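To start, the structure itself, in structure tokens.
Residue numbers (my numbering): 18 to 266.
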């Protein structure tokens, strides 16, 4: 449940999701034996992928009991519960040191008032040669506000940051921004697929919830898709490091 990465707009959503994980893994510059913290681990896909591809030991943290249950089940089914673990814990309460930190689709729920706390905690959790990759929806312009409809019905407490807000919250922490990529259309293509699949599954969705929910979700996907195709929304991938010498030149 996150922006996919379309190396070609004609790719399937499944291929684009795999390519997203590979794209992020490359930016983490993982080496054998490393430890990774996945902040906002979702259903566990990113953590499981990183272990599968690199052998890394991964801790995923979430505040969702539903996600925790599924993520643990997936790790157990893959026989990697000893190397890929998941905990129900706020990122601010995580302890220890990690070689890498990844966070995908969680920063939208942090809120500008807590950005500096977020980056300070990430910096402190990293080893001296640590690297972090942050993936978030963002505003192509300056700071703004979340519209009332989205706040009430879709993402209570959600806010998509401007790039200036990300950078300014971090710049006094001696935690270097080493790369910024703007994904301009990838979420637009993702939402197109989600919209089509939602419409195709209308009967099942109405049976699970009701007609009002279906219309609301369809409206949300259409509006979000328009915002990524033509409006002010993009995705940012921002890479950070404590030591400017650790990443490839």
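Where a beta carbon is used, it is the ideal one built from N, C-alpha and C, also for glycine.
The structure displayed is predicted, hence computed values, not measured ones.
Taking 8 Å as the upper bound for CB-CB distance, residue 116 and residue 75 are not in contact here, some 11 Å apart.
Here the segment 165–181 makes no contact with the segment 58–73; the two share fewer than three CB pairs at distances below 8 Å.
Bridge pairing for residue 252: 154 and 200 [DSSP].
Assignment of beta strand (DSSP E) within the segment 114–166, counting only whole runs of 3 or more residues, yields 115–121 and 143–156 in chain order. Non-local beta-carbon contacts of residue 260 in its own chain, meaning distances under 7 Å to residues more than five positions away in sequence, involve 145 and 146 in chain order. Taking the C-beta atoms as reference points, residue 126 is found nearer than 7 Å to residue 175.
DSSP places residue 227 in the coil class of the three-state scheme, outside both helix and strand.
DSSP places residue 55 inside the beta strand (DSSP E), whose first and last residues are 52–56. Scanning 225, 59, 196 and 95 for the CA closest to the CA of residue 82 turns up 59. Ranked by Cα distance from residue 234, the options 250, 220, 249 and 215 are led by 215. Checking the DSSP bridge columns, you'll see residue 193 partnered with 258. When DSSP states are grouped into helix, strand and coil, residue 24 belongs to the coil group.
Inclusion of residue 192 and residue 103 in the CB contact set at 7 Å is not warranted, their separation being larger than that value. Separation of the CB atoms of residue 120 and residue 151 is rounded to 5 Å, and the pair is thereby assigned contact status at 8 Å. By DSSP's assignment, residue 104 forms a beta bridge with 78. DSSP places residue 179 within a strand segment (E or B) once states are collapsed to three.
Linking residue 137 to residue 50 through their CA atoms gives a straight-line distance of about 25 Å. Straight-line spacing of the CA atoms in residue 241 and residue 250 works out to 8 Å. In this structure, residue 183 keeps its C-beta atom at 7 Å or more from the C-beta atom of residue 108. Residue 105 holds the alpha-carbon nearest to the alpha-carbon of residue 86 among 97, 105 and 111. Membership of residue 38 in the alpha helix (DSSP H) is indicated by the continuous run 30–45.
Counting only the Cα atoms, residue 169 lies some 16 Å from residue 231.
The beta carbon of residue 98 sits closer than 8 Å to the beta carbons of 89 and 92 from its chain, once the five residues preceding and following it are set aside; these are given in chain order. For the 7 Å CB-CB criterion, residue 237 and residue 154 do not form a contact.
In this structure, residue 203 keeps its C-beta atom at 7 Å or more from the C-beta atom of residue 66. Judged by DSSP secondary structure, residue 69 falls within the alpha helix (DSSP H) whose first and last residues are 62–71.
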